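J.:
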Amino acid sequence: MTSDNLADTPPGADGVQAVVLVGGKGTRLRPLTLSAPKPMLPTAGVPFLTHLLSRIREAGIVDVVLGTSFQAHVFAEYYGDGSKLGLNLTYVTETEPLGTGGAIRNVLGELTADTILVFNGDVLGGTDVREVLATHRRSGADVTMHLVSVSDPRAFGCVPTDETGRVTDFLEKTQDPPTDQINAGTYVFRRSVIEEIEAGRPVSVEREVFPKLLADGRHIQAHADHAYWRDMGTPEDFVRGSADLVRGIAPSPALGDRRGESLVHEGAGVGPGAVLIGGTVVGRGAEIGPRARLDGAVIFDGAVVEAGAVVERSIIGFGARLGPRALVRDTVIGDGADVGARCELLRGARVWPGVQLPDNGIRFSTDV
Ligand code: GTP
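Take the sequence shown: its letters are residues 0 to 367, numbered as in numbering that gives the first Met the number 0.
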């Protein structure tokens, strides 16, 4: 993609800089995140972060700072100065992970604008960034927070608001959520609020900065909408988000019209009678054997799925192999692992990189 096929600077984005937090360890996605940071995992053919950066560029924002920590070099090696995406990308790396608030404070030296958009680097979203900025400008808030509604808010930051949309409380991962509105991980900050965050120590924006701003009577405004939204932090969400991108349910300016029941990348082979459905994506150079059945599968580059194997809602890491008639469901297979013929891996199994399981090595049934 080049900057030519995107709108130049739509109203509202002038003088706005964006910060994307990409320094987390991504523990919930292990073992995939042992070798690559979560935002760089391939998602519908490009690193996950490319979807977010393209959305930022589509909103007319060019200056983007990546707050890195874990595996920092990988981002600069891939994106360089950002010009291929029409962006001016800079990087600030923490020597020790500083948490979400500390990471925002740590990039202050790169921020010259008064209005700063901050994104968690693992959210797949369709919200109109310009609308979030417009809400911020209208309300004159110190911070504006994007909110979405989810069926189970307990794993997120629950955010009650008053009738004007002003945030009244911030309850991180509460067991007793008073509303289904949650923090969607996109914020607009006044630069002066970032200056107030204590420098040089780990700070959580969710557990410290937002509660303190509210306790001090400061103005946090909500921008709630019903746009597509998914936190890609767990294997279940990663698989769902990937399938939604492939099928066009999740928007992404990085993908254009390449949408359908499956997406097979160049250099990949698909044998006769293989079935690829449910938003399956097959990476570059991967091989899918005859009569294999892939439903909502995420097959990373160079992986091999042999004849008659079944992969449902699972991620198969770089260069991993599934033997003939293996069954893999709701599972993560690490890079280079080798799963023998007729093995069955179900419900949250995670195979570590390079592990070799012999033929029939793990079964949930007795009819081998
Ligand atoms: P888990 O370990 O699975 O919880 O994932 P995570 O480490 O990514 O944490 P979480 O999903 O809560 O992080 C939300 C966002 O903030 C992600 O985009 C992370 O990359 C980012 N993030 C979390 N901690 C840090 C940090 O210490 N420094 C920086 N720069 N970013 C962080």
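The C-beta atom is built at its ideal place from N, Cα and C for all residues, glycine as well.
Please read these numbers as outputs of a predicted model, since none were measured by experiment.
Which complete beta strand (DSSP E) runs does the region 220 to 265 hold, if anything under 3 residues is left out?
T.: DSSP assignment within the region 220 to 265 yields the following whole beta strand (DSSP E) runs of 3 residues or more, N-terminal first: 228 to 230, 261 to 263.
J.: I think residue 186 touches residue 143, with their Cβ atoms under 8 Å apart; what is that distance to the nearest whole Å?
T.: With 8 Å as the limit, residue 186 and residue 143 qualify as a contact, their Cβ atoms being about 7 Å apart.
J.: Between which two residues does the beta strand (DSSP E) containing residue 218 stretch?
T.: Careful: residue 218 lies outside any beta strand (DSSP E) and carries neither H nor E.
J.: Using the three-state DSSP reduction, which class does residue 108 fall into: helix, strand or coil?
T.: helix
J.: Verify the contact flag: residue 68, CB atom, against every heavy atom of the ligand GTP, threshold strictly below 7 Å.
T.: yes
J.: Keeping to the same chain, check which residues put their C-beta closer than 6 Å to that of residue 7; ignore five residues upstream and five downstream.
T.: For residue 7, the predicted model reports a pLDDT of 46, less than 50, meaning its position is unreliable; a value from the coordinates is still stated below. Closer than 6 Å at the Cβ level, and outside the excluded window around residue 7, lies no residue.
J.: Taking only three categories from DSSP, how would you classify residue 79?
T.: coil
J.: Taking the alpha-carbon positions, what's the residue 63 to residue 365 distance?
T.: 55 Å
J.: Considering only residues of the same chain and omitting the five flanking positions on each side of residue 25, which have a CB-CB separation below 6 Å?
T.: 32, 37
J.: With distances taken Cα to Cα, identify the nearest neighbour of residue 220 among 184, 171, 363, 138.
T.: The candidate whose alpha carbon is nearest that of residue 220 is 138.
J.: Determine the direct distance from the alpha carbon of residue 92 to that of residue 22, and round the result to whole angstroms.
T.: 8 Å
J.: Work out the CA separation of residue 135 and residue 95 for me, nearest whole Å.
T.: 32 Å
J.: Beta carbon of residue 26: closer than 7 Å to some heavy atom of the ligand GTP?
T.: Taking non-hydrogen atoms of the ligand GTP into account, the C-beta of residue 26 is found less than 7 Å away from one of them.
J.: Ignore the nearest five residues each way along the sequence and tell me which others in residue 120's own chain have a CB closer than 7 Å to its CB.
T.: 19, 20, 21, 38, 48, 51
J.: Could you check whether residue 261 and residue 248 sit closer than 8 Å to each other, using their CB atoms as the reference points?
T.: Remark: C-beta atoms of residue 248 and residue 261 do not approach each other more closely than 8 Å.
J.: What is the DSSP secondary structure of residue 267, counted as helix, strand or coil?
T.: coil
J.: Do residue 152 and residue 181 come within 8 Å of each other at the CB atom, strictly closer than that value?
T.: Cβ atoms of residue 181 and residue 152: closer than 8 Å.
J.: Is it true that the CB of residue 203 sits closer than 8 Å to the CB of residue 266?
T.: no
J.: Reducing DSSP to helix, strand and coil, say where residue 118 ends up.
T.: strand
J.: Is residue 60 closer than 8 Å to residue 146 when the C-beta atoms are compared?
T.: no
J.: For the ligand GTP, is there a heavy atom less than 7 Å away from the beta-carbon of residue 46?
T.: no
J.: Does DSSP classify residue 207 as helix, strand or coil?
T.: helix
J.: Candidates 76, 53, 15: which alpha carbon is nearest residue 35's?
T.: 76
J.: Kindly give me the distance between the Cβ atoms of residue 295 and residue 312, rounded to whole angstroms, as I take these residues to be in contact under 8 Å.
T.: About 5 Å separates the CB atoms of residue 295 and residue 312; that is less than 8 Å, so the two are in contact.
J.: With distances taken between CB atoms, is the gap from residue 327 to residue 349 smaller than 8 Å?
T.: no
J.: Compute the Euclidean distance between the alpha carbons of residue 107 and residue 245, then round it to the nearest angstrom.
T.: 36 Å
J.: Kindly indicate the opening and closing residues of the alpha helix (DSSP H) around residue 193.
T.: 190 to 195
J.: Tell me which residues share the same chain as residue 167 and place their Cβ nearer than 8 Å to its Cβ, disregarding the 5 neighbours each side in the sequence.
T.: 159, 160, 161, 213
J.: Which term fits residue 111, buried or exposed, when burial requires 16 or more other beta carbons within 10 angstroms of its beta carbon?
T.: exposed
J.: Could you check if residue 17 is buried or exposed, using at least 16 other CB atoms within 10 Å of its CB as the buried criterion?
T.: buried
J.: Consult DSSP for residue 103 and reduce its assignment to one of helix, strand or coil.
T.: helix
J.: Is it buried or exposed, residue 401, if we count other Cβ atoms within 10 angstroms and call 16 or more buried?
T.: Residue 401 lies beyond the range of the chain shown here (0 to 367); nothing can be said about it.
J.: Please state the DSSP three-state secondary structure of residue 51.
T.: Annotated three-state conformation of residue 51 is helix, per DSSP.
J.: Just tell me which of 292, 206, 67, 43 has its CA closest to the CA of residue 250.
T.: That would be 43, whose Cα lies nearest to the Cα of residue 250.
J.: Measuring alpha carbon to alpha carbon, tell me which residue in 165, 178, 177, 252 is nearest residue 209.
T.: 165
J.: Alpha carbon to alpha carbon, how far is residue 236 from residue 230?
T.: When rounded, the distance between both Cα atoms is 7 Å.
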